[in-house]
Amino acid sequence: MTDLDRHRQKFPHIDHYSYFNYGGQGLLPTSALEAMHQAQLTSQQIGPFSNQSGLQLYKTTEHLKRTFAQALGCNSTDLALTENTTLGCNIVLWGLGWRSSDHILLTDCEHQGLVAIAQELAARFDLTVDLCSVIDNPDPLGAIAQAITPRTRILVLSHILWNQGQVLPLEAIVALCHSKGVQVLVDGAQSVGVLPLDLDAIDADYYAFTGHKWWCGPPGLGALHINPKMNCAVRSSAGAASCSTTEVSPRPFIKMGGATRFPPPPGRCIRV
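Numbering (the working numbering), first residue to last: 2 to 273.
Right, dumping it as structure tokens:
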């Protein structure tokens, strides 16, 4: 039996055809389907709002973050679970303290969801948004360097271009931007599960990704990596129990720190 045969055994529901759209949404292996079913069944048996259920959810999400961190070369406390890449980008872009005339730089190959966020921010906060041409560009680093201005606050770009498959030289781009005082938000929707990644070494400020594509996870599972150096740069733009403190809560809660303060919707809290 070949490695391919062993891999296909995990997906018996497609044994009669080949599936090539993992860049859109991956298929769930049997093990994932069974785990999801068992998790829901257990939740109903012990009560979905019981302390036992909350503790089980906490243990599961922490285990998931540790698994992500091991695969991506980062610390689990620097990861916030999200619904998808777009939500991770929303957390960052809406959480920055914008000033009038700040400049957002995107590449010309960003997903429509990212472009829409930038356009709305520009309208609300009087920002400037420009696109930098990298598609089929033999020197994307040079193009980005030329497009950065003294007002550029953040560069938003994909690690792998979703519409063309080009891999950008991310580490060099991050180093360039940091030398000019520019933050970097990376759309990793197409890179996680495809490229070997070491997020701590890449040193991007923010790296958003999803688990439902090349990792073959369920829809609604993603994460945002926040460089610990940027923890104070991003504010919560939506309230949740994890943003609360024991001083103001009617009941005691564990206050989450670092990236963990951005909880997966709905806001997750752990009663103690």
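Ideal placement from N, C-alpha and C gives every residue a C-beta, glycine not left out.
Asked, Found
"Local conformation of glutamine 184 per DSSP, three classes", "strand"
"Per-residue burial, cysteine 233 [other beta carbons within 10 Å of its own, 16 or more giving buried]", "exposed"
"C-beta atoms of alanine 33 and glycine 259 nearer than 8 angstroms", "no"
"When Gln71, Trp99, His160 and Ala40 are compared against lysine 60, the one with the closest alpha-carbon", "Ala40"
"Element boundaries [alpha helix (DSSP H), containing serine 54]", "52 to 73"
"Close beta carbons around asparagine 164, own chain, < 7 angstroms, minus the five adjacent residues each side", "Cys110"
"Cβ-based burial, lysine 66 [other Cβ within 10 Å; buried from 16]", "buried"
"Per-residue DSSP class, three states only, for serine 44", "helix"
"Beta-ladder partner(s) of cysteine 133, from DSSP", "Thr108"
"Boundaries (first-last residue) of the beta strand (DSSP E) holding threonine 211", "207 to 211"
"Backbone CA spacing between lysine 214 and threonine 87 [nearest angstrom]", "13 angstroms"
"Distance between beta carbons of threonine 129 and histidine 104, contact taken as under 8 angstroms", "5 angstroms"
"C-beta neighbour in chain B for serine 51, strict 8 angstroms", "Within the model displayed, chain B is absent; a lone protein chain is all it includes."
"Nearest-angstrom Cα separation, counted from tyrosine 208 out to glutamine 189", "In the sequence on display, residue 189 carries glycine and not glutamine. Cα-Cα distance, rounded: 6 angstroms."
"CA-to-CA distance, leucine 171 to tyrosine 20, given in whole angstroms", "29 angstroms"
"Backbone CA spacing between histidine 17 and glycine 143 [nearest angstrom]", "47 angstroms"
"Meets three-Cβ-pair contact criterion under 8 angstroms: the stretch 135 to 149 and the stretch 84 to 103", "no"
"Environment of alanine 173 [buried if 16+ CB atoms lie within 10 Å]", "exposed"
"Isoleucine 155 (DSSP reduced to helix, strand or coil)", "strand"
"Beta-carbon proximity check, leucine 200 vs leucine 73, cutoff 8 angstroms", "yes"
"Beta-carbon proximity of proline 197 to aspartate 79, cut-off 8 angstroms", "no"
"Those residues which DSSP pairs with threonine 83 across a bridge", "Gly223"
"Length of the line joining the Cα atoms of glutamine 10 and glutamine 191", "24 angstroms"
"Whole-Å CB distance - methionine 132 paired with leucine 97, under 8 angstroms assumed", "A quick correction: the sequence has leucine, not methionine, at residue 132. Not confirmed; about 19 angstroms, so no contact."
"Euclidean distance between Cα positions of alanine 239 and alanine 123", "19 angstroms"
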